[in-house]
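Numbering (my numbering), first residue to last: 1 to 359.
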């Protein structure tokens, strides 16, 4: 109780721009708001900030309530409102929570920017998931989340069509926000609907390669995509008919995230190795910065393991090819004379020759 009261005081002061304490997010272990780390340092100018905060109320709680409600009325967009709601919950301001939540509902009802809806979800999900730790009525947030999530599922396929590189990168960030929301709330209905939309995006040729690659990776993480299907998607995304920049963008999207799970996907590495080997020298040089960026997020041991993985796969493929072509020391494949006999008359007719044994 003492720790919660300290946290409430510090958060309320921050709502009034009195920065006595600063959250030390680097020291937090795990998720949620059950514990916090703070760095405290009093500065003489904070006394002046306290006097200025008296304009909003005669107590810290009343002033923080009034200041928060004004900020909600002046918020520029929906993500700013939901971020403010997250802060208000931490400050334990029940009247302000109701006011901010009302403004969120009003803004969500008229917002036409899908990315704003998607970016607004994570703070709402944190309130719904962890609000009970601070006694917040988190159940009031769930209908707002359901409405935003439903609109996201309906509008996302259309919003992902005909994106340029910059817009595609921004959309991937918003998609990751929805993915975090689905994982945090852990609801079967949301997971099923989200998986269906991701499959539609992966199969849509009009969607930017970065978005399709990222969606394929998310399906893989959800165990909704097996190795065989990933290899098929990689073959399509990296086929010669696909422009090289779009193929490279797909690679960047599918490689985002941890590398350990990708190391188990032999089909992906076969397709990626073959695509790189077939690139023209000038094209490879042009795409090299993008490819380096795609692999830069992995730790050095992961990158080393990936290189060794491709090397082993290439060696195994070379040994298989050597066996199938009958190189010295390799087994000679058995000829199926019955099947060959059915083909020879057709070939003879086409070539205009006789199939008589005497000839």
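No residue lacks a Cβ here, since even glycine has one placed at the ideal position from N, Cα and C.
Straight-line Cα distance separating residue 5 from residue 103
27 Å
Can residue 144 and residue 105 be called in contact, C-beta distance under 8 Å?
yes
Where does residue 387 land, buried or exposed, given buried means 16+ other C-beta within 10 angstroms?
No statement about residue 387 is possible, as the shown extent of the chain runs from 1 to 359 and does not include it.
Strictly by DSSP, which residues pair up with residue 40?
21
Closest residue to residue 116 among 92, 78, 281, 232 (Cα-Cα distance)
78
Nonlocal neighbours in the same chain, by C-beta distance under 6 Å from residue 157, ignoring five residues either side
200
Is residue 20 near the ligand MN, going by C-beta to nearest heavy atom under 7 Å?
By its list of ligands, the structure shown contains no ligand whatsoever, and the ligand MN lies outside what it can speak to.
By the 10 Å Cβ neighbour count, where 16 or more other Cβ atoms means buried, how is residue 54 classified, buried or exposed?
exposed
Integer-rounded CB distance, given that residue 149 should sit under 8 Å from residue 121
7 Å
Residues bridged to residue 207 [DSSP beta-bridge criterion]:
161
Take residue 246 and list the residues in its own chain whose beta-carbon comes closer than 6 Å to its own, dropping the five residues that flank it on each side.
209
Report the rounded CA-to-CA distance for residue 169 versus residue 15, giving the unit in angstroms.
32 Å
Cα-Cα separation, residue 303 to residue 292:
11 Å
Please return the same chain residues whose Cβ sits closer than 6 Å to the Cβ of residue 60, not counting the five positions on each side in sequence.
12
Rounded separation between residue 300 and residue 219 - CA only:
25 Å
Beta-carbon proximity of residue 213 to residue 249, cut-off 8 Å:
yes
Give me the Cβ distance between residue 163 and residue 211, rounded to the nearest whole Å; I'm assuming they're in contact under 8 Å.
7 Å
Would you call residue 42 buried or exposed, if buried means 16 or more other Cβ atoms sit within 10 Å of its Cβ?
exposed
Whose C-alpha, out of 252, 256, 294, 202, is nearest the C-alpha of residue 232?
202
Considering Cα atoms alone, identify which of 118, 123, 119, 175 is closest to residue 100.
123
Residue 64 and residue 93 closer than 8 Å at C-beta:
yes
Distance cutoff 8 Å, beta carbons only. Does residue 35 sit that close to anything in chain B?
Reference to chain B is not applicable here, since this structure consists of a single protein chain.
Between the CA atoms of residue 52 and residue 444 - distance to the nearest angstrom:
Nothing in the structure corresponds to residue 444, since the chain is present only between 1 and 359.
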